[in-house]
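Peer 1:
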Amino acid sequence: MGKVNIRSELCKGCGLCVTACPKGLLVISETEINQKGHPPAEMIDEEKCISCAFCAMMCPDCVIEVHK
Amino acid sequence: MKTVFEKPKSLLDVPMHYCPGCTHGIIHRLIAEAIDELQIEGRTIGVAPVGCAVMAYDYFACDFIESAHGRAPAVATGLKRAEPSNIIFTYQGDGDLASIGMAETVHAAARNENITIVFVNNAIYGMTGGQMAPTTLPGQVTQTSPYGRDVELCGYPIRVCEMLSQVEGAGYLERVAVNSVKHVIQAKKAIKKAFQNQIDGKGFSMIEFLSSCPTNWGMNADDALKWVEDAMIPQYPLGVFKDRAAQEGK
Amino acid sequence: MEEKVLMKGNEALAEGAIQAGCLHYFGYPITPQTEIAAYMAKRMPKVGGVFLQAESEVAAINMVYGVSAAGKRVMTSSSSPGISLKSEGISYLAGSDLPAVIVNVQRCSPGLGGIQPSQADYFQATRGGGHGDYHMLVFTPATVQEMADLVAKAFDLADKYLMPAMVLSDGTLGQMMEPVTVRRVEETHYEKPWALTGTKMQRSHNVITSLNLNSEAFDKQIFDRFERYKKIEETEALWEELSMEDAEICVTAFGITARVVKKAVAIARREGIKVGMIRPLTVWPFPKKVFADAAERVNSFISVEMSMGQMIEDVKLSIDCKKPVYLCNHAGGIIPTFEEVLAKIREVGGAK
Chain S
13 MGKVNIRSEL
23 CKGCGLCVTA
33 CPKGLLVISE
43 TEINQKGHPP
53 AEMIDEEKCI
63 SCAFCAMMCP
73 DCVIEVHK
Chain U
56 MKTVFEKPKS
66 LLDVPMHYCP
76 GCTHGIIHRL
86 IAEAIDELQI
96 EGRTIGVAPV
106 GCAVMAYDYF
116 ACDFIESAHG
126 RAPAVATGLK
136 RAEPSNIIFT
146 YQGDGDLASI
156 GMAETVHAAA
166 RNENITIVFV
176 NNAIYGMTGG
186 QMAPTTLPGQ
196 VTQTSPYGRD
206 VELCGYPIRV
216 CEMLSQVEGA
226 GYLERVAVNS
236 VKHVIQAKKA
246 IKKAFQNQID
256 GKGFSMIEFL
266 SSCPTNWGMN
276 ADDALKWVED
286 AMIPQYPLGV
296 FKDRAAQEGK
Chain R
-12 MEEKVLMKGN
-2 EALAEGAIQA
8 GCLHYFGYPI
18 TPQTEIAAYM
28 AKRMPKVGGV
38 FLQAESEVAA
48 INMVYGVSAA
58 GKRVMTSSSS
68 PGISLKSEGI
78 SYLAGSDLPA
88 VIVNVQRCSP
98 GLGGIQPSQA
108 DYFQATRGGG
118 HGDYHMLVFT
128 PATVQEMADL
138 VAKAFDLADK
148 YLMPAMVLSD
158 GTLGQMMEPV
168 TVRRVEETHY
178 EKPWALTGTK
188 MQRSHNVITS
198 LNLNSEAFDK
208 QIFDRFERYK
218 KIEETEALWE
228 ELSMEDAEIC
238 VTAFGITARV
248 VKKAVAIARR
258 EGIKVGMIRP
268 LTVWPFPKKV
278 FADAAERVNS
288 FISVEMSMGQ
298 MIEDVKLSID
308 CKKPVYLCNH
318 AGGIIPTFEE
328 VLAKIREVGG
338 AK
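Residue numbers (this note's numbering), protein chains in the order written: chain S, 13 to 80; chain U, 56 to 305; chain R, -12 to 339.
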């Protein structure tokens, strides 16, 4: 498992995690759309992730799991 | 690898119907985290409102009841008086708690009812499409204040925490926000304290959460959280408005 | 010999509720039923029950909803304008299939009205009162003894059929004093696996709601509920008959009016008029079959009411309008006198 696990099918693409990440490691996908029609959030550089879980704390849909 | 953040157990693993970026989801999670940490899921009963959170009962693992609009504190009173060892909480929006339900809110506080009230204040009526709420800001445009709330015509917004702080029965009143990580951390402490108060028999606790409504405010999720910071917090300052137990040195 | 005590109707009803196992009461003062709240305030703490004066009748019915959801017997009481306030809550109880007892000690209406007695909430009680397709059991006592006995029956059937039940009384019965024996009623134990008792981490959660956004499911739910109502109509109607065997005129009334009618019927019989009486003790379920059978034998009906004619519609419906049904009535809080009823019986009898 990676440091950050995003359940893309449940993500609503709201972007709050993107703003919350202090390292700017999350983006809203510009290529993917899930079954509900939302572009999900995705991690762009997991190496730099410090597992602070700010993204998960700001996610209203609880789709992010964080590991260290 | 160890898990540092996962969904709390008392939040059911089902998709929630709230709009993208709506902070109801964060508030639900904080309540579930508190329930998990205090190990009270087995004896907790929630009271759902009329509003966007009308189907909150689909998202929590504890027993739940749907209340008529505004009547949640009365329903909670019945549940608590029927079985005082159960932990009862209500989850209410600004119309539910501060408009139609104002009498029930004030009197549950006056009676020092040993329950926990979650007040989700987003200064608008979300479910019905964005009408003015008792907490709508002066000048704020809504469907029923299309030219901006005119205080001459329809009065001033109500600061519920401040108002209830004058009610002798109220035990613990705190206003928090969930528009930033820092605020979310403080909000979590507050709701956990409110549940702990009930466990300890300390009486009426209410946590007012400043929340967002991107859809009806006509903003994206990020801008909505900025509006909470820039417009709502000046009108509704964060902090503890009453802590009777602390005053009495308990 | 069972002990009889002299009690006011309102208080006998309250004691009857407690003896039937009701340990939760929420109310609000309104004339002419405030004695129920006052009696409960004194008595509930003594029996380890809960009494709370709510901030309004609206709050009270919602507290009732909470206790009922927790699986316990619970009651509220009010009078006409306060029952209007409770209408939404009653609809929620019915729509959530929850038992509870609501007492209406009727006063004359509409609006603020007066504090004198009335029977003009019959439509409100029997046609639902609140919004939507539903019914509640409605009991109509005519004596202080029946105030105590029927409230116990109300709790039992409400629990059995999972629906709200109303005791439809009036200001006279509420205020009058008569000898009464309030019996301890052994509570039939009904399992309530749906009650909100906390999961205790041993079951999945119980949810009580009347919200149903799926039309097909909601349609079925309501049809199923009405199947239950149909069974109730077939088996739970209560009534009393007097001198109906050879009656040519049937007089009908409920509550305090029925006592007046009994006297008028007795005098009319002495005059040789073949008149009988049917007195419903439940107006929902209405004893339709009794009236339908009577319509085969009698020439006419007279409904005596303290309203502008509400039960009269159920009489006409029960008999398929086969025979004429006349109204003898007062509003404004006036109880029809036995002379007025007698005059009507004579008039109807003479017109055959």
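Every residue gets a Cβ at the ideal spot worked out from N, C-alpha and C, and that includes glycine.
Pull up the distance between the alpha-carbon of Ala112 (chain R) and that of Val252 (chain R), whole angstroms please.
Peer 2: Near 27 Å, if we compare the C-alpha coordinates of Val252 (chain R) and Ala112 (chain R).
Peer 1: Nearest CA to the CA of His79 (chain U): which residue from U:Asn275, U:Gly294 and U:Ser267?
Peer 2: His79 (chain U) has its Cα closest to that of U:Ser267, out of U:Asn275, U:Gly294 and U:Ser267.
Peer 1: Applying the criterion that 16 or more other CB atoms from any shown protein chain within 10 Å of the CB defines a buried residue, is Gly8 (chain R) buried or exposed?
Peer 2: Under this definition Gly8 (chain R) is a buried residue.
Peer 1: What's the C-alpha gap between Arg19 (chain S) and Val30 (chain S)?
Peer 2: Cα to Cα, Arg19 (chain S) sits roughly 15 Å from Val30 (chain S).
Peer 1: By DSSP, does Glu300 (chain R) sit in helix, in strand, or in coil?
Peer 2: Helix.
Peer 1: Name the chain S residues that come within less than 7 Å of Cys77 (chain U), Cβ to Cβ?
Peer 2: Those are Pro72, listed as they occur along chain S.
Peer 1: Give me the Cβ distance between Val194 (chain R) and Arg126 (chain U), rounded to the nearest whole Å; I'm assuming they're in contact under 8 Å.
Peer 2: 17 Å between Cβ atoms; not a contact.
Peer 1: Taking a cut of 9 Å between CB atoms, which residues from the segment 121 to 139 of chain U lie near chain R?
Peer 2: Answer set for the segment 121 to 139 of chain U: Glu121, Ser122, Ala123, His124, Gly125, Arg126, Ala127, Pro128, Ala129, Val130, Ala131, Thr132, Gly133, Leu134, Lys135, Arg136, Ala137 and Glu138.
Peer 1: Could you please give me the residues that DSSP links to His79 (chain S) through a beta bridge?
Peer 2: Beta-bridge pairing links His79 (chain S) to U:Thr58.
Peer 1: With H, G and I counted as helix, E and B as strand and the rest as coil, what does DSSP make of Pro292 (chain U)?
Peer 2: In this structure, Pro292 (chain U) counts as coil in the three-state DSSP scheme.
Peer 1: Taking buried to mean at least 16 other C-beta atoms within 10 Å of its own C-beta, is Lys339 (chain R) buried or exposed?
Peer 2: Here the model assigns Lys339 (chain R) a pLDDT of 45, short of 50, so the residue's position is not dependable and the matter cannot be decided.
Peer 1: Using the Cβ count rule (16 or more neighbours within 10 Å means buried), how would you classify Gly319 (chain R)?
Peer 2: Exposed is the call here.
Peer 1: For Ala188 (chain U), count the other beta carbons within 10 Å of its own beta carbon; 16 or more makes it buried, fewer makes it exposed. Which is it?
Peer 2: Ala188 (chain U) should be labelled buried.
Peer 1: Measuring only the C-alpha atoms, how far is Asp108 (chain R) from Ser67 (chain R)?
Peer 2: The straight-line gap from Cα to Cα measures roughly 7 Å.
Peer 1: Using a Cβ cut-off of 7 Å, pull out every chain U residue sitting near Tyr15 (chain R), in sequence order please.
Peer 2: Within 7 Å Cβ-Cβ: nothing; Tyr15 (chain R) doesn't reach chain U, min ~11 Å.
Peer 1: Considering only residues of the same chain and omitting the five flanking positions on each side of Ser65 (chain U), which have a CB-CB separation below 7 Å?
Peer 2: Excluding positions up to five away in sequence, the list reads Ala87, Ile90, Asp91, Glu96, Phe115, Ala116 and Cys117.
Peer 1: Let me make sure I understand the geometry here. Which of U:Asp277, U:Gly156 and U:Phe259 has the alpha-carbon closest to that of Thr171 (chain U)?
Peer 2: The shortest C-alpha separation from Thr171 (chain U) is found at U:Phe259.
Peer 1: Return the chain-ordered ranges of every beta strand (DSSP E) run that is complete within the segment 261 to 289 of chain R and spans a minimum of 3 residues.
Peer 2: List check, beta strand (DSSP E) in window: 262 to 267 and 269 to 271.
Peer 1: Threshold first: 3 residues or longer. Then list the beta strand (DSSP E) segments lying entirely within the segment 188 to 248 of chain R, N to C.
Peer 2: 226 to 229 and 236 to 239, all fully within the segment 188 to 248 of chain R.
Peer 1: Which class does Val130 (chain U) belong to by DSSP, given the choice of helix, strand or coil?
Peer 2: In this structure, Val130 (chain U) counts as helix in the three-state DSSP scheme.
Peer 1: Considering Cα atoms alone, identify which of U:Phe174, U:Pro70, U:Ile288 and U:Glu168 is closest to Gly133 (chain U).
Peer 2: The shortest Cα separation from Gly133 (chain U) among U:Phe174, U:Pro70, U:Ile288 and U:Glu168 belongs to U:Glu168.
Peer 1: Just how far apart, CA to CA, sit Val135 (chain U) and Ile143 (chain U)?
Peer 2: The question names Val, yet the displayed sequence has Lys at residue 135 (chain U). In a straight line, the C-alpha of Lys135 (chain U) is about 6 Å away from that of Ile143 (chain U).
Peer 1: Could you name each continuous beta strand (DSSP E) segment of 3 residues or more that falls completely within the segment -5 to 53 of chain R, going from the start of the chain to the end?
Peer 2: Segments of the beta strand (DSSP E) lying fully in the segment -5 to 53 of chain R: 11 to 14 and 37 to 40.
Peer 1: Strictly by DSSP, which residues pair up with Ile172 (chain U)?
Peer 2: Answer is U:Thr145 and U:Met261, bridged to Ile172 (chain U).
Peer 1: So Ile76 (chain S) and Cys67 (chain S) are in contact, right, with Cβ under 8 Å, and what is the actual spacing, rounded?
Peer 2: At roughly 5 Å, the Cβ-Cβ gap stays under 8 Å, so Ile76 (chain S) and Cys67 (chain S) are in contact.
Peer 1: Grouping DSSP H, G and I as helix and E and B as strand, with all else coil, what is Gly101 (chain U)?
Peer 2: Strand.
Peer 1: Output needed in chain order: residues of the segment 71 to 87 of chain R with a Cβ under 7 Å from some Cβ in chain U.
Peer 2: Residues passing the 7 Å Cβ filter: Glu75, Gly76 and Tyr79.
Peer 1: Select from the segment 37 to 55 of chain S all residues with a C-beta closer than 9 Å to any C-beta belonging to chain U, and list them in chain order.
Peer 2: Result list: Lys48 and His50.
Peer 1: So, with DSSP's three-state summary, where would you put Gln253 (chain U)?
Peer 2: In the structure shown, Gln253 (chain U) sits in a helix (DSSP, three-state: H, G or I).
Peer 1: What first and last residue would you give for the alpha helix (DSSP H) that runs through Met218 (chain U)?
Peer 2: Where Met218 (chain U) is concerned, the enclosing alpha helix (DSSP H) stretches over Val215 to Leu219.
Peer 1: From the DSSP output, in three-state form, read off Arg136 (chain U) for me.
Peer 2: If DSSP states are grouped into helix, strand and coil, Arg136 (chain U) belongs with the helices.
Peer 1: Going by alpha carbons, who is nearest to Val130 (chain U) out of R:Thr239, R:Met62 and R:Asn49?
Peer 2: It is R:Asn49.
Peer 1: Can you give me the Cβ contacts of Arg299 (chain U) inside the same chain, cut-off strictly under 6 Å, excluding the 5 residues immediately before and after it?
Peer 2: So the list reads Gly226, once near-sequence residues are dropped.
Peer 1: Give me the Cα-Cα distance between Ala1 (chain R) and Glu133 (chain R), rounded to the nearest whole angstrom.
Peer 2: Rounded to whole angstroms, Ala1 (chain R) to Glu133 (chain R) spans 12 Å at the Cα level.
Peer 1: Based on the DSSP secondary-structure assignment, which residues constitute the bridge partners of Thr197 (chain U)?
Peer 2: U:Ser200.
Peer 1: Taking a contact to mean a Cβ-Cβ separation below 9 Å, would you say Ala57 (chain R) touches Gly242 (chain R) in this structure?
Peer 2: No. Outside cutoff.
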